[in-house]
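I have placed the structure first, in the form of structure tokens, so that the comments after it can refer back to it.
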Amino acid sequence: LRKFISIVLQDVFLFSGTIKSNISLNNPGISDEKIIEAAQSVGAHKFISLLPHEYDEEVKEKGATLSVGQKQLLSFARALAYNPQILILDEATSSVDTETEILIQRAIEKLLVDRTAIVIAHRLSTIQNADQIIVMHKGEVREIGTHQELLAKRGIYYKLYQLQYKDQEITKTA
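With my numbering as the guide, the letters of the sequence shown map in order to residues 27 to 200.
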């Protein structure tokens, strides 16, 4: 079952080793070319190529020398390198800056092609393009629909959307 599923969590776990081994998890079935291709697809290649040893750069314990966004991009590259049928994203963009979120949004678009995804998110920008959005509140399913359908219902999703959009407008003018 594990070979069919990849998960990207909010808190990325990196192992002591190299960038390359953290993407492939030392799986011999994942070639160097596939590692680089995955990193390029999710926007991680740019920062990796700036490291002194690039893909052979040593990763310190828990990725101490990498930013939160860089760790997250490595996690996306890892998921893409495994080419899973099912992808689970659990708050994968919640702790990154806006620039990294844009890179991650592009990565998510590529990751979701031809696969089933379960995306757990509070940032609605992460789920707006989903085929179906399930809104849960206090452990119960409250609304189901597409982004547009849920906005039209003017329910919980609509209220969350208004709050998040309002916050973005305040940030832009501040």
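Virtual Cβ for every residue (Gly too), placed ideally from N, Cα, C. Since this is a predicted model, take the numbers as computed values, not measurements.
- Distance between residue 182 and residue 188, taken at the CA atoms: about 10 Å.
- Residues 49, 50, 56, 60, 61, 64 of the same chain have their beta carbon placed closer than 7 Å to that of residue 107, with the five preceding and five following residues left out of the count.
- In the structure shown, the three-state DSSP call for residue 113 is strand.
- Closest option to residue 140, judged by alpha-carbon separation, among 129, 111, 163, 125: 111.
- Cβ atoms of residue 34 and residue 150 stay farther apart than 8 Å, at about 18 Å.
- By the CB criterion at 8 Å, residue 94 and residue 42 fall outside the cutoff.
- Taking all protein chains shown into account, residue 137 has 16 or more neighbouring C-beta atoms within 10 Å of its C-beta and is therefore buried.
- When secondary structure is reduced to three states using DSSP, residue 105 falls in the helix class.
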